[in-house]
Each structure stands twice: as structure tokens, then as C-alpha cells.
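Enquirer: Per full-length UniProt numbering, the sequence shown starts with residue 1, numbered consecutively. Here a beta-carbon is modelled for each residue, glycine too, at the ideal position from N, C-alpha and C.
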Amino acid sequence: MAKVNVSLDAELVVEVMVLSGVGSPQDAVEVVVRDYIARGHRTEARTELKDQTLREIDAKPQEPQG
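(1) Please report the distance separating the alpha-carbon of Gly-23 from that of Val-6.
(2) Could you work out which residue in Asp-35, Pro-64, Arg-42 and Gly-40 is closest to Ser-20 when comparing CA atoms only?
(3) Go ahead and pull the three-state DSSP assignment for Asp-9.
(4) Between Lys-50 and the rest of its own chain, which residues show a CB-CB distance below 6 Å, the 5 nearest in sequence each way excluded?
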């Protein structure tokens, strides 16, 4: 896998290390980024399911109103 070097504020990295409980700055930031991506995928999956259900409801023929 390709590697990327990113400069971050030291206080930010220390905060990430404390919150994630990881001793290595590299690993701590990687854990946070992976969690952020996984959370995004879970959100997409939930909203996709909800959107699909709403589309199915809208596709059903409706009885005349009036």
C-alpha cells in the first residue's frame, strides 16, 4: 500500500493518542482515520436501506384522493 506523509499539529496528535489509547502517533492517527471511514460506510448503508424503502413505498400505486 502506498504511504503518505502528513504534517499535523503536535497537540492534535497527542490528543488523538490519548483518546484512542494508542502509543504511536502514526498508529493513533491511522486508527482514527479508519474509524472515520468505517463510520461513513455504516451511515451510507443505513441511509441507502431507508432510501430504498421509501422508493418502494412511493412506487406503489396510490388510491385516488378526493
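Expert: Result, derived from the coordinates:
(1) 18 Å
(2) Asp-35
(3) coil
(4) none
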